[in-house]
Structures are given as C-alpha cells and as structure tokens.
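Trainee:
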Amino acid sequence: MKEPYEMKRCDKTILKVEHLKKYFNTQKGTVRAVDDISFNVFKGETLAIVGESGSGKTTTANVILGRYTATEGSVFYKSIEIGSISLTMRPIWLRREIQVVFQDPATSLNPKKTVKDIIETAIKIHYPQLNKYERIEKMLELLGYVGLTEDHLFKLPGELGGGERQLVALARALATNPTLLILDEPTSSLDVSAQSRILVTLLNIQKNKDLTYILITHDLAVVKNISHRINVMYLGKIVETATTYEIFTKALHPYTQMLLSSIPTISEEESKILPKRVEPRGEVPSAINPPSGCRFSSRCPFAIDICTKREPLLEEVITDHFVACHLVNKNV
Ligand code: SF4
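Under our numbering, the first residue of the sequence shown carries the number 14, and numbering increases by one thereafter.
(1) Got a sec: does ligand 1 put a non-hydrogen atom nearer than 7 Å to the Cβ of H339?
(2) Can you tell which of A337, A188, P303 and T332 has its C-alpha closest to the C-alpha of G42?
(3) Closest by CA to K35, which one among V291, T225, A46 and L194?
(4) In this structure, does DSSP put G160 in helix, strand or coil?
(5) Is I251 near ligand 1 - that is, is its Cβ less than 7 Å away from at least one heavy atom of it?
(6) Less than 7 Å separating the Cβ of S310 from some heavy atom of ligand 1?
(7) Looking at S9: is its Cβ nearer than 8 Å to the Cβ of A182?
(8) For A316, verify whether its CB is less than 7 Å away from any heavy atom of ligand 1.
(9) Three or more C-beta pairs closer than 8 Å, one from the stretch 154–169 and one from the stretch 116–132: is that the case here?
(10) Assess, as a yes-or-no matter, whether the stretch 75–89 is touched by the stretch 314–322 under the definition of 3 or more beta carbon pairs within less than 8 Å.
(11) Unbroken alpha helix (DSSP H) runs of length 4 or more, entirely within the stretch 182–236: which are they?
(12) Quick one: grab the DSSP three-state call for T269.
(13) Between Y1 and ligand 1, is the CB less than 7 Å from at least one heavy atom?
(14) Taking 7 Å as the cut-off, is the CB of P325 close to at least one heavy atom of ligand 1?
(15) Less than 8 Å between the CB atoms is what I'm expecting for I331 and V63, so what's the real figure, rounded?
(16) Give me the Cα-Cα distance between D164 and E150, rounded to the nearest whole angstrom.
(17) Does DSSP put T71 in a helix, in a strand, or in coil?
(18) Buried or exposed for K250, going by 16 or more other Cβ atoms inside 10 Å?
(19) Decide if E16 is buried, meaning its Cβ has at least 16 other Cβ atoms within 10 Å, or exposed.
(20) May I have the straight-line CA-CA distance separating N221 from T269, to the nearest angstrom?
(21) Terminal residues of the continuous alpha helix (DSSP H) containing H139?
(22) Taking the alpha carbon of Y158 as the point to measure from, which residue in V44, G79, L180 and I260 has its own alpha carbon closest?
(23) Would you check if the distance between the CB atom of R312 and the CB atom of R294 is smaller than 8 Å?
(24) Please classify R22 as buried or exposed, where buried requires at least 16 other C-beta atoms within 10 Å of its C-beta.
(25) Among F309, E292, I77 and E147, whose alpha-carbon lies nearest the alpha-carbon of V245?
(26) Determine the DSSP secondary structure at R45, reduced to helix, strand or coil.
(27) Taking contact to mean at least 3 C-beta pairs separated by less than 8 Å, is the stretch 224–241 in contact with the stretch 66–74?
(28) Which of the three DSSP states is assigned to K168 in this structure?
(29) Using three-state DSSP, classify E58 as helix, strand or coil.
(30) For I317, which three-state DSSP category applies?
(31) What does DSSP give as the partner residue(s) for F52 in the beta ladder?
(32) For the putative contact between L193 and I27, defined by C-beta atoms under 8 Å, what is the C-beta separation to the nearest angstrom?
(33) Taking only the alpha-carbon atoms, compute the straight-line gap between D48 and T162 and give it to the nearest angstrom.
(34) Could you tell me if I131 is buried or exposed, where buried requires 16 or more neighbouring beta carbons within 10 angstroms of its beta carbon?
(35) Could you give the distance in angstroms between the alpha-carbon of G79 and the alpha-carbon of V44?
(36) Could you spell out the range, first to last residue, of the alpha helix (DSSP H) harbouring A259?
Spelled out as structure tokens, the structure:
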C-alpha cells in the first residue's frame with residue numbers, strides 16, 4: 014500500500030489535548046465518555062479519530078468545539094487552554110478559527126433558506142465590515158472552492174442532492190476562513206459517488222488553504238484516502254495511534270485489527286494487506302461500568318489473565334506508533 018499522498022508532517026502543533034476526561038452524570042451512574050486521553054494535532058494534517066459508537070470520538074470533538082467543557086484535563090489551541098471554555102463564552106476569533114461540518118447536511122442546513130442566505134449569514138457574522146458586493150464576491154469564491162457555481166446560490170437545500178448539500182455546509186464552514194475544521198462523519202449519509210466528490214474536494218481545499226482537519230468517523234475505509242494519522246478509540250480510551258500507513262499495514266491492537274478486518278475489500282491486493290478477520294465476542298460494554306483492566310478484555314479473542322487485572326498503557330512500540338495492549342507492549 015502506498016501513502017495516500019505525501020506525508021505532511023510538521024512540527025507545528027496546532028492543538029494539544031492533555032489527559033482529557035469528559036464524564037456525564039446520569040441516573041444510572043457516571044458515563045466516562047472520554048477517560049484520560051492525550052494527543053497532538055499538527056498544522057496542515059488530517060488526524061482521523063475512529064471507533065464504534067460509544068468510543069468517545071464525538072465527545073472529544075465536542076469538547077474541542079466548546080459544546081461540552083472538559084471534566085478534567087486540557088485542550089490547548091495555539092497554546093491557549095480552550096477545553097474549559099464553552100462555545101458561548103468563546104471569543105469570536107476562536108469560533109471563526111475552529112469550524113465544523115456535521116454528518117447530515119439535511120438537518121444542519123435551514124431548509125427554508127437559500128444557499129445564498131446560508132452562506133451570507135456566516136459571512137455577515139464574522140466579517141460585518143464587508144459590503145453587499147464584497148459579500149457576493151466572497152460567496153462566489155467559496156462556491157468555487159467546493160466545486161459549486163452561482164447557479165446554486167438561489168436554491169433551497171431540498172432542491173440539491175445530498176453531496177451538494179454537504180458542499181454547501183463545507184462552503185459555510187469555510188466562510189469564516191478557519192484554521193481547524195472538524196469533520197464529523199462528513200460522508201456517512203452520502204452515496205459512494207457523492208462521498209468521493211466530498212473527499213476529493215476536502216483534499217484540494219486542504220492543499221490550497223493549508224487547513225488542518227480532525228476527521229471523526231466509524232469508517233476506516235473513508236480515512237484511508239484522506240488522513241495522515243489515526244487515533245483508534247474504544248470506550249473512552251485511545252488504544253492505538255500511528256500514521257495511516259502504519260495502521261493499514263501493521264495494526265497491532267486487536268480492536269484496530271477487528272475494525273480493519275470488517276472493511277469490505279474490492280480487490281485481492283486490498284484483502285492481502287488487511288489483517289485476518291478478528292471476531293470480537295459480545296457487545297460493546299457500558300461506559301458506566303467498563304471492564305476492569307483492559308476495556309476491550311470482555312470482547313478480545315486474545316485476552317490473557319493480566320488483561321482483566323491491569324490496564325495497559327499507551328506505549329510507543331515502533332517510532333510514532335503507540336499501542337495499549339499487554340500482548341504488544343514490551344514490559345509484559
Ligand atoms: Fe486483548 Fe489483552 Fe490486548 Fe486488551 S490487553 S487488547 S484484552 S490482549
């Protein structure tokens with residue numbers, strides 16, 4: 014397997030997450046949705062955060078966006094701690110710089126507003142100094158970035174296809190000239206051809222504007238073509254993190270292997286590089302009462318005695334490749 018495109022490693026850290034915890038108190042107990050995770054995001058890269066539902070990936074994104082505040086730990090954006098600042102308390106420059114594209118454009122776009130209204134509202138909020146003609150110029154520029162034309166301006170979201178609606182949502186996010194874009198399952202509601210149009214558009218925009226992406230998804234097939242690095246999460250923990258190339262060619266954690274082996278393959282070459290099928294046992298346990306020791310132990314086909322007794326730490330096993338598994342870590 015080749016690298017999807019040239020690795021763009023850069024030493025400039027744009028976002029630093031340190032020992033982040035996000036707990037929710039419910040009637041049934043405390044949900045430890047994110048439980049002590051740390052990672053960096055480098056300028057100009059795409060970091061994918063993958064995992065099944067309940068892994069904590071969306072909660073992590075929501076803390077970065079300010080929709081939740083951290084229970085413990087920190088999120089530094091350009092060295093400023095933002096994990097404790099809710100969205101409404103964030104200064105306008107910060108809201109401008111961190112934007113999001115949601116999974117379902119049908120619900121994230123107002124069905125009664127035209128494309129022009131939707132994009133112009135974002136421009137007016139963030140750039141009130143622009144006059145009507147400058148706003149139109151900016152709108153056309155934004156539509157151009159995402160491969161739409163002025164013909165789309167006076168259409169309602171319902172008159173567009175799913176892929177086009179997602180491109181409008183992307184144009185709206187770009188209206189504030191963001192630095193960091195969080196892509197929350199951006200293609201999961203789309204058909205295959207619309208998916209590939211969105212992915213190509215995202216790649217082109219990143220190249221031209223040096224944008225940084227955090228891609229939240231359960232679908233490893235999507236991240237293969239767009240991300241530089243991957244954090245794999247399970248029940249609130251990062252269990253493996255490495256470059257996309259490493260994850261797809263040398264995945265070490267049984268959970269990552271399970272996710273990879275469930276990807277449908279279309280060629281013999283593809284099936285050769287994916288790990289042998291790893292069949293998990295049972296269902297994802299509750300984040301209120303996670304298994305002791307390794308959280309994957311109740312489903313892992315390779316679990317040994319120590320797995321239920323001691324929590325494996327996320328350790329570097331090859332350069333830039335970190336794994337939390339007793340079978341892989343050197344100290345067992
Ligand atoms: Fe499986 Fe044990 Fe590794 Fe957890 S630590 S993934 S239970 S082998």
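Even glycine gets a Cβ: it sits at the ideal position worked out from N, Cα and C.
Mentor: The short version:
(1) Checking the Cβ of H339 against ligand 1 gives yes.
(2) Among A337, A188, P303 and T332, the Cα nearest to that of G42 belongs to P303.
(3) Closest option to K35, Cα to Cα, is A46.
(4) The answer is coil: DSSP assigns G160 none of H, G, I, E or B.
(5) Incorrect: I251 has no Cβ contact closer than 7 Å to ligand 1.
(6) Look at S310: its beta carbon is less than 7 Å from one of the heavy atoms in ligand 1.
(7) Residue 9 is absent from the model: the chain starts at 14 and stops at 345.
(8) Distances from the CB of A316 to the heavy atoms of ligand 1 include at least one below 7 Å.
(9) The stretch 154–169 makes contact with the stretch 116–132; the number of CB pairs closer than 8 Å reaches 3 or more.
(10) The answer is no - the stretch 75–89 does not touch the stretch 314–322, with fewer than three Cβ pairs under 8 Å.
(11) Entirely contained in the stretch 182–236, the alpha helix (DSSP H) runs reaching 4 residues are, in chain order, 205–222 and 233–236.
(12) Correct three-state label for T269: helix.
(13) The structure shown does not extend to residue 1, since the chain is modelled only from 14 to 345, so the question has no answer here.
(14) Flag set: Cβ of P325 near ligand 1.
(15) Not confirmed; about 19 Å, so no contact.
(16) Those two C-alpha atoms are separated by around 14 Å.
(17) Secondary structure of T71 (DSSP, three-state): helix.
(18) Buried: at least 16 other Cβ atoms inside 10 Å.
(19) Unreliable placement is indicated for E16, whose pLDDT of 40 sits below 50; no coordinate value is reported for it.
(20) Distance between the alpha carbons of N221 and T269 is about 32 Å.
(21) Run containing H139: V128 to H139, per the alpha helix (DSSP H) assignment.
(22) Ranking V44, G79, L180 and I260 by Cα distance to Y158 puts L180 first.
(23) In this structure, R294 lies closer than 8 Å to R312 by Cβ.
(24) Confidence at R22 is low in this model, with a pLDDT of 49, below 50, so its placement is unreliable and no value can be given for it.
(25) It is F309.
(26) Under the three-state reduction of DSSP, R45 is assigned to strand.
(27) Three or more Cβ pairs drawn from the stretch 224–241 and the stretch 66–74 lie within less than 8 Å of each other, which places the two stretches in contact.
(28) Looking at K168 - three-state DSSP - the assignment turns out to be coil, as it is neither helix nor strand.
(29) In the structure shown, E58 sits in coil (DSSP, three-state: anything other than H, G, I, E or B).
(30) Looking at I317 - three-state DSSP - the assignment turns out to be coil, as it is neither helix nor strand.
(31) According to DSSP, F52 bridges with V30.
(32) Under the criterion of beta carbons closer than 8 Å, L193 and I27 qualify as touching, at roughly 6 Å.
(33) Cα to Cα, the separation comes out at about 45 Å.
(34) Classification of I131: buried, given that the 10 Å Cβ count is 16 or more.
(35) Between the alpha carbons of G79 and V44 lies a distance of about 19 Å.
(36) Position check: residue 259 holds Glu in this sequence, whereas Ala was assumed. From DSSP, the alpha helix (DSSP H) with E259 extends over T257 to K263.
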